[in-house]
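58 is the number of the first residue of the sequence shown in our numbering; add one for each residue after it. Just so you know, even glycine gets a beta-carbon here, dropped at the ideal spot from N, CA and C. Please read the structure below before turning to the comments.
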Amino acid sequence: MAKKRILSGNRPTGKLHWGNYFGALKQWVELQDSYECFFFIADWHALTTDYDHPEKIKPSVMEVLKDWMAVGIDPKKSVLFLQSWVKEHAELHLLLSMMTPLGWLERVPSFKDMQQELRDRDLNMYGFLGYPLLQSADIILYQADSVPVGEDQVAHIELTREIVRRFHHITKTEKVFVEPKPLLTKTPRIPGTDGRKMSKSFGNAIYIADDDATVRQKMMATITDPARKRREDPGNPDVCNIFSYHKLTSPKKDVDMVDRECRRAGIGCVECKKLCIENALQFWQPLRERRETWDGKEQELLGMMREGSVKAQTVAAKTMERVREVMGLNYGTAR
Ligand code: TRP
Ligand code: SF4
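Okay, here's the thing in structure tokens:
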């Protein structure tokens with residue numbers, strides 16, 4: 058039986074962090090064997106928020122690629138591509154924009170949330186409003202069955218489903234596109250070092266690329282149970298960020314021990330953090346070493362993306378032929 062197809066992407070706005078890994082990337086890696094996978098770098102999406110810093114895009118693309126290689130995204134198993142190298146994304150976005158009600162886009166929660174989160178930037182832009190529509194185009198161009206994403210992206214997948222239904226309704230067609238489903242990870246929200254959701258824009262993230270000293274320093278500064286003031290006070294691991302990190306990369310016996318001992322003041326926070334740090338470093342070291350083997354290999358990384366983009370474009374072009382026909386643009390092409 059043919060494998061089901063999945064598609065997902067990362068915006069190149071810098072290095073990827075633990076939240077990106079446990080919230081999505083880890084699952085992508087696992088899915089590579091059972092699905093036909095398309096993973097791409099959404100460089101146009103990065104410009105929706107960083108339009109005034111174009112110089113950051115290319116270095117960020119390289120960082121994301123290295124992060125992918127570090128965690129085990131494999132170009133032999135999956136199609137890896139760059140959004141802006143497959144122009145069909147832009148064409149489909151444009152055509153869909155003709156029939157997308159403004160209200161639908163204004164109501165997407167991330168529209169207001171991200172404006173709030175990135176208050177230092179003026180995001181009152183046409184392109185930013187269209188962000189989720191471009192994302193819809195990304196997905197349905199490839200007829201993806203499922204989209205592995207974090208919780209924060211579910212509203213975008215929902216919008217995509219509505220766009221597909223509306224397209225079929227308006228053009229009186231069916232099956233031009235597949236209605237995609239979100240594929241959620243079971244990982245709960247990953248807190249940053251200050252307890253808010255881990256996010257680059259909050260300055261509370263620990264990165265896949267961070268070296269041992271940086272990881273140590275960030276974890277030592279991580280906020281624990283705020284009610285536990287003295288060593289003798291019993292703590293509550295359920296509200297502690299360090300305990301969340303234990304659950305990510307510590308062996309079960311350590312997680313169980315901390316869960317028990319913290320509650321009866323049997324372990325102190327400094328000792329607990331040190332254990333957590335050692336476990337985290339053990340997990341991340343090999344990944345970071347693999348990441349470092351790609352340093353200075355920009356051309357190889359881009360070459361890999363070129364191959365993937367050619368494959369992706371073949372699929373995208375086929376979808377667009379049908380879309381043009383359905384939308385009345387059925388008079389062939391100039392060349
Ligand atoms: N919006 C996604 C994010 O911020 C990135 C993205 C763009 C994406 N296009 C996509 C994810 C298509 C999945 C499918 O993480
Ligand atoms: Fe958190 Fe560990 Fe301190 Fe408990 S002992 S509050 S789990 S750091």
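Taking C-beta atoms under 8 Å as the contact rule, residue 237 and residue 202 qualify, at a distance of about 6 Å. If you ignore the 5 residues before and after residue 99, its C-beta comes within less than 6 Å of the C-beta of 66, 68, 140, all in its own chain and listed in chain order.
Relative to the ligand TRP, even the nearest heavy atom lies 7 Å or more away from the CB of residue 175.
Just so you know, the alpha carbons of residue 90 and residue 332 end up roughly 33 Å apart. Cα atoms of residue 231 and residue 58: separation of roughly 23 Å, rounded to the nearest angstrom. Two segments are said to touch when three or more pairs of C-beta atoms, one from each, lie closer than 8 Å; by this definition the stretch 104-119 touches the stretch 178-194.
Distances taken from the Cβ of residue 99 to the heavy atoms of the ligand TRP include one shorter than 7 Å. Looking at the DSSP output, residue 67 sits in a beta bridge with 98. Three or more beta-carbon pairs separated by less than 8 Å link the stretch 338-351 to the stretch 123-142, which places the two stretches in contact. According to DSSP, residue 74 shares a beta bridge with 264. With a threshold of 7 Å, the Cβ atom of residue 184 does not count as near the ligand TRP, since no heavy atom of the ligand is closer than that. For residue 141, the three-state secondary structure derived from DSSP is helix. At least one heavy atom of the ligand SF4 sits closer than 7 Å to the Cβ of residue 300. Put simply, the backbone Cα of residue 117 is about 10 Å away from that of residue 73.
Here residue 200 is not near residue 143, since their CB atoms are 8 Å or more apart. The stretch 240-260 and the stretch 277-297 touch, with three or more beta-carbon pairs separated by less than 8 Å. Residue environment: residue 226 is assigned as exposed (fewer than 16 neighbouring CB atoms within 10 Å of its CB, all protein chains considered). Only exposed fits residue 156, as fewer than 16 other CB atoms lie within 10 angstroms of its CB. The beta carbon of residue 311 sits closer than 7 Å to the beta carbons of 303, 332, 336 from its chain, once the five residues preceding and following it are set aside; these are given in chain order. Apart from sequence neighbours up to five positions away, the residues of its chain that approach residue 261 with a beta-carbon distance below 7 Å are 249, 250, 251, 253, 255, ordered along the chain. Rounded to the nearest whole angstrom, the CA to CA distance from residue 78 to residue 136 is 19 Å. Taking 7 Å as the cut-off, one finds at least one heavy atom of the ligand SF4 near enough to the beta carbon of residue 330. In the same chain as residue 186, and ignoring 5 residues on each side of it, the C-beta atoms closer than 6 Å to its own belong to 162, in chain order. Under the three-state reduction of DSSP output, residue 289 falls in the coil class, being neither helix nor strand. Per DSSP, the beta-bridge partners of residue 238 are 203.
With a cut-off of 7 Å, the C-beta of residue 282 is classified as near the ligand SF4, since at least one heavy atom of the ligand falls inside that distance.
The beta carbon of residue 192 sits closer than 6 Å to those of 213, all from its chain and outside the five residues before and after it, given in chain order.
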